[in-house]
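A.B. asks: A single structure is presented below for examination.
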Amino acid sequence: MAQRVAYVGRRAGHLLAVLLLLSVGTFLMLELLPGNLTDSLLGDNARPQDIALLEAQLGLDKPLPQRFGAWVWNALQGDLGRSPLSGEAVTEAIAHRLPVSVQLMLFAQILALAMALPLGIWAGYREGGLVDRLVSSASFGVLAVPHFVLGLLLILVLAIWLRWFPATGYVPFSDNPFESIRSMTLPSLTLALVEAPVYLRLLRSDLATTLREEFVTVARAKGLPDWQILLRHALRPSMFSLITVMGINIGHLIGGAVIIETVFALPGVGRLLIEAITRRDYLTLQGVVLFIGATFVVVNLVVDALYSVLDPRLSARHG
Amino acid sequence: MGLPLVWLAVVFVCAFGADVMPFPPPSDMDFAAAEQGPSLAHPLGADLDGRDVLSRLAHGARISLTVSLIAPLIGLVIGTVLGLLSAYYSGLVRTGILAVVDAMLAFPSLVFALALTVVLGPSVQNVTLALGIMSVPAFARIARANALPLMSREFVLAARTAGAGDAYIMFREILPNMVMSLLTYALTMMSIMIVAEGSLSFLGVGVPPPTPSWGSMIAEGRESLERVPHVSMIPAAAMFLTVLSLNLLGDSLRQFKSGKSGGLS
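These protein sequence lines map, in sequence, to chains X and U.
Take the first sequence: its position 262, counted from the start at 1, is 262 in this note's numbering, and no numbers get skipped.
Take the second sequence: its position 259, counted from the start at 1, is 1259 in this note's numbering, and no numbers get skipped.
Right, dumping it as structure tokens:
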């Protein structure tokens, strides 16, 4: 237990350093932008006194390190500034969009697991069999399709030709759960189709390795039926690569699936990022980038801590 | 192995010979043919403004290929040097490099490329540079992972005993032994770059118009997917086939390599 705490503590220290570098990078991003922030807000013909006023408002007249300190201090308190264009606080804007991205993430993971678990288990169980070969070539093909192409293809077939689902748009879950699920089906299916082959391959190869271990032979010798060996004994120790990659994906998706949200016009965090770029709302852009990076780092830490709990051998190995 | 190579060759020839081939210029608008499917004048049809899809596809291939050849090269060179340094030296150099690499990996790669492109400004060079920088951490990780087991091998010890300097050992002794792994990964990275460039252009922050790129062609056809699906779907198919070919090629290269090293040991 103490070892595990020390291990997680060390990882946390490392991630704190990464978070610091992340915030320096994000902060400098705004400094390195071509042209001044004030120019983009006031236009080229602004009067000097207006520029000075705005600079004072945004704190731009202070030296760089001091501004960085103030920015980090505010960010830690959940204040990422107020967009000079929309007047909305950046943190609020993110909080508004977050439920959409989280819902998309959840649906996509559920769909991906629903596809990957049964197929992966079967492919690992009958390694080299018909299902295994079919599934590997199919997943090879799917992996070559870019997200946005797959999304458009699904819109074309399932929304335009068959009219089963709406092509774009979003209905909040609290307004109308049924319509919400319908509007989320195509975007989450797109993500799931891209992620499922990866999950499936990881599960398949890990499971095939586990099935060659001695405890499986013992279970078989005891006369346990195959399904019980697969589901009760072999599945859990074969899930670690899958959980790792799933953790990475969840970390990505909470920060918004930029492409998918654009294709399906979903008002999520990823969409907020793109809107900030097109409107040149750089303060919002900075806040969203920081949020996405930080979420990703924190989710990875949680996943790390999670599997040293799931498998004590791991922390022993590292510690 | 055959078909992927044939397709890639066709794309290469179209991309770099687009100007001398009998295509109409990619920005020529033939309004009479707008939104029409394949015909004699326009073998793959015309887009919403009546521009020839085949011609734009060929010119777009040039952008995709240039970006996907040069960007991994940037990542390969910088990443390999960083990876070697972090494997060879310990202490501050290693900690510093690993922290920067981890911080870069802490952004989802597309968000990283997006932010960089915004900072640098949209142009073909800057998109290439942004994607190149985006690929640095991955190459650094691969280079480090490949270099670490080599550090304690006899030939490194022999070189050191013979009085070789650090740079000589890194670049003349260790580097040649990991070149194949790095190049195989560069091929994978090429296909990632084609998709990444397409994604940036699709989002409207990549290569600026009117220069055609596969991603922006797909984005333009998106609004009229219902009436004229071919405007989006033809460049989409081209992108799919190219990425698939590169993946298949990388796969057979890996199998060839592992088969060979298995035979040696």
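C-beta atoms are modelled at their ideal positions from N, C-alpha and C, and glycine is treated no differently.
So for A257 of chain X, helix, strand or coil by DSSP?
C.D. replies: What you label residue 257 of chain X is simply residue 257 of the first sequence in a count that begins at 1. Here A257 of chain X sits in coil by DSSP.
A.B. asks: Just curious, the alpha helix (DSSP H) that W1214 of chain U is in, first and last residue?
C.D. replies: As a first step, residue 1214 of chain U must be located in the second sequence, where it is residue number 214. Counting along the chain, the alpha helix (DSSP H) containing W1214 of chain U begins and ends at 1214-1222.
A.B. asks: Short of 8 Å Cβ to Cβ, which residues in the segment 65-96 of chain X face chain U?
C.D. replies: none
A.B. asks: Spatial neighbours of F215 of chain X within its chain, please: CB distance less than 8 Å, with the 5 preceding and 5 following residues excluded, ordered by chain position.
C.D. replies: For the purposes of this step, residue 215 of chain X is identified with residue 215 of the first sequence, where counting begins at 1. Only H233 meet the Cβ criterion.
A.B. asks: Counting beta carbon pairs with one atom in the segment 248-265 of chain X and one in the segment 61-72 of chain X, are three or more of them shorter than 8 Å?
C.D. replies: Counting Cβ pairs under 8 Å, fewer than three are found: no touch.
A.B. asks: R1222 of chain U versus chain X: which residues are under 9 Å apart at the beta carbon?
C.D. replies: Here residue 1222 of chain U is taken as the residue at index 222 of the second sequence, counted from 1. Within 9 Å Cβ-Cβ: F148, L152, I155, V263.
A.B. asks: Use the C-beta contact count for A71 of chain X: other C-beta atoms within 10 angstroms, 16 or more gives buried, fewer gives exposed.
C.D. replies: Residue mapping note: residue 71 of chain X aligns to position 71 of the first sequence, counting from 1. In the sequence under discussion, the amino acid at residue 71 of chain X is Trp, which differs from the Ala named in the question. Buried, since its Cβ has 16 or more Cβ neighbours within 10 Å.
A.B. asks: Starting from E1226 of chain U, follow the alpha helix (DSSP H) in both directions and report where the run begins and ends.
C.D. replies: Counted from its first residue, the second sequence places residue 1226 of chain U at position 226. Unbroken run through E1226 of chain U: none, as it is neither H nor E.
A.B. asks: Going straight from the alpha carbon of I94 of chain X to that of F296 of chain X, what length do you get?
C.D. replies: Here residue 94 of chain X refers to the residue found at position 94 when the first sequence is read from its first residue. Here residue 296 of chain X refers to the residue found at position 296 when the first sequence is read from its first residue. If I take the Cα positions, the gap works out to 15 Å.
A.B. asks: To which residues of the same chain is I1070 of chain U closer than 8 Å at the C-beta, ignoring the five residues directly before and after it?
C.D. replies: Counted from its first residue, the second sequence places residue 1070 of chain U at position 70. Cβ neighbours of I1070 of chain U beyond the five flanking positions: T1128, G1132.
A.B. asks: Tell me where the alpha helix (DSSP H) around P1072 of chain U begins and ends.
C.D. replies: Walking along the second sequence from the start, residue 1072 of chain U turns up at place 72. That run of the alpha helix (DSSP H) goes 1053-1088.
A.B. asks: Compute the Euclidean distance between the alpha carbons of T210 of chain X and L119 of chain X, then round it to the nearest angstrom.
C.D. replies: In the first sequence, residue 210 of chain X corresponds to position 210, counting from 1. In the first sequence, residue 119 of chain X corresponds to position 119, counting from 1. In a straight line, the C-alpha of T210 of chain X is about 17 Å away from that of L119 of chain X.
A.B. asks: I'd like the ranges of any alpha helix (DSSP H) spanning at least 4 consecutive residues and lying wholly in the segment 79-164 of chain X.
C.D. replies: 90-125, 130-143, 147-154
A.B. asks: CA-CA distance, S1213 of chain U and P1026 of chain U?
C.D. replies: Residue mapping note: residue 1213 of chain U aligns to position 213 of the second sequence, counting from 1. Residue mapping note: residue 1026 of chain U aligns to position 26 of the second sequence, counting from 1. Rounded to the nearest angstrom, the two C-alpha atoms are 11 Å apart.
A.B. asks: Mapping DSSP to helix, strand and coil, what is A1162 of chain U?
C.D. replies: Here the question's residue 1162 of chain U lines up with position 162 in the second sequence. Coil at A1162 of chain U, not helix or strand.
A.B. asks: If we require 4 or more residues per run, which alpha helix (DSSP H) segments fall completely within the segment 174-238 of chain X?
C.D. replies: 177-210, 214-221
A.B. asks: Hey, quick one: how far does the alpha helix (DSSP H) through I1194 of chain U stretch, first residue to last?
C.D. replies: As a first step, residue 1194 of chain U is located in the second sequence; it is residue number 194 there, counting from the start. 1175-1202 is the extent of the alpha helix (DSSP H) around I1194 of chain U.
A.B. asks: Which partner residues of A1046 of chain U appear in the DSSP bridge assignment?
C.D. replies: Counting from one through the second sequence, the residue named residue 1046 of chain U turns up at place 46. Its beta-bridge partners are U:D1052.
A.B. asks: If we ignore side chains and look at the alpha-carbon of each, how far apart do L113 of chain X and S101 of chain X end up?
C.D. replies: On the first sequence, position 113 is the one that residue 113 of chain X refers to. On the first sequence, position 101 is the one that residue 101 of chain X refers to. When rounded, the distance between both Cα atoms is 18 Å.
A.B. asks: Cβ atoms of V218 of chain X and G251 of chain X: under 7 Å apart, would you say?
C.D. replies: As a first step, residue 251 of chain X is located in the first sequence; it is residue number 251 there, counting from the start. As a first step, residue 218 of chain X is located in the first sequence; it is residue number 218 there, counting from the start. Inclusion of G251 of chain X and V218 of chain X in the CB contact set at 7 Å is not warranted, their separation being larger than that value.
A.B. asks: Roughly how many whole angstroms lie between the Cα atoms of L158 of chain X and F148 of chain X?
C.D. replies: For the purposes of this step, residue 158 of chain X is taken as the residue at position 158 of the first sequence. For the purposes of this step, residue 148 of chain X is taken as the residue at position 148 of the first sequence. Between the C-alpha atoms of L158 of chain X and F148 of chain X there is a straight-line separation of about 15 Å.
A.B. asks: Quick check: the Cα distance between W161 of chain X and I110 of chain X, rounded to an integer number of angstroms?
C.D. replies: The sequence position of residue 161 of chain X within the first sequence is 161, counting from 1. The sequence position of residue 110 of chain X within the first sequence is 110, counting from 1. Rounded to the nearest angstrom, the two C-alpha atoms are 26 Å apart.
A.B. asks: What residues in its chain sit with their C-beta under 7 Å from that of P1072 of chain U, if we drop five residues either side in the sequence?
C.D. replies: Mapped onto the second sequence, residue 1072 of chain U falls at position 72. Answer for P1072 of chain U: S1135, A1186, M1189, M1190, M1193, listed in chain order.
A.B. asks: Check whether the segment 228-243 of chain X and the segment 277-295 of chain X touch, using three or more Cβ-Cβ pairs below 8 Å as the test.
C.D. replies: Taking one beta carbon from each stretch, the segment 228-243 of chain X and the segment 277-295 of chain X have fewer than 3 pairs nearer than 8 Å; the two do not touch.
A.B. asks: Can you give the Cα-Cα distance for G270 of chain X and A257 of chain X, rounded to whole angstroms?
C.D. replies: Looking up residue 270 of chain X in the first sequence gives position 270. Looking up residue 257 of chain X in the first sequence gives position 257. If I take the Cα positions, the gap works out to 5 Å.
A.B. asks: For the segment 1112-1125 of chain U and the segment 1192-1210 of chain U, state whether three or more C-beta atom pairs, one from each stretch, are separated by less than 8 Å.
C.D. replies: yes
A.B. asks: The segment 1115-1147 of chain U: which residues have C-beta closer than 7 Å to a C-beta of chain X, in chain order?
C.D. replies: A1115, V1118, V1119, G1121
A.B. asks: 7 Å is my cut-off, CB to CB: does V1006 of chain U come that close to chain X?
C.D. replies: Along the second sequence, one-based indexing puts residue 1006 of chain U at 6. The beta carbon of V1006 of chain U sits no closer than 7 Å to any beta carbon of chain X.
A.B. asks: Rounded to whole angstroms, what's the CA-CA distance from V1207 of chain U to V1228 of chain U? Just pull it up for me.
C.D. replies: Position 207 of the second sequence, counted from the first residue, corresponds to residue 1207 of chain U. Position 228 of the second sequence, counted from the first residue, corresponds to residue 1228 of chain U. So the two alpha carbons sit approximately 24 Å from each other.
A.B. asks: Are the segment 1014-1026 of chain U and the segment 1056-1064 of chain U touching by the rule of at least three beta carbon pairs closer than 8 Å?
C.D. replies: With the cut-off at 8 Å, the segment 1014-1026 of chain U and the segment 1056-1064 of chain U touch.
A.B. asks: Please return the same chain residues whose Cβ sits closer than 8 Å to the Cβ of N74 of chain X, not counting the five positions on each side in sequence.
C.D. replies: Locating residue 74 of chain X in the first sequence gives position 74, counting from the first residue. So the list reads L80, G81, once near-sequence residues are dropped.
A.B. asks: Determine, using beta carbons only, whether Q1255 of chain U comes closer than 7 Å to chain X.
C.D. replies: Within the second sequence, numbered from 1, the residue matching residue 1255 of chain U stands at position 255. So, not an interface residue.
A.B. asks: With 8 Å as the limit, tell me which residues of the segment 1195-1208 of chain U have their beta carbon closer than that to any beta carbon of chain X; keep them in chain order.
C.D. replies: V1195, G1198, S1199, F1202, L1203, G1204, V1205
A.B. asks: Can you tell me whether D132 of chain X is buried or exposed? The criterion is at least 16 other CB atoms within 10 Å of its CB, across all chains shown.
C.D. replies: Looking up residue 132 of chain X in the first sequence gives position 132. When all chains shown are included, D132 of chain X counts as buried.
A.B. asks: With a cut-off of 8 Å, do at least 3 Cβ pairs link the segment 1118-1126 of chain U to the segment 1146-1157 of chain U?
C.D. replies: no
A.B. asks: Using a beta-carbon distance below 7 Å, is L21 of chain X in contact with chain U?
C.D. replies: Residue 21 of chain X sits at position 21 when you count from the first residue of the first sequence. Closer than 7 Å: yes.
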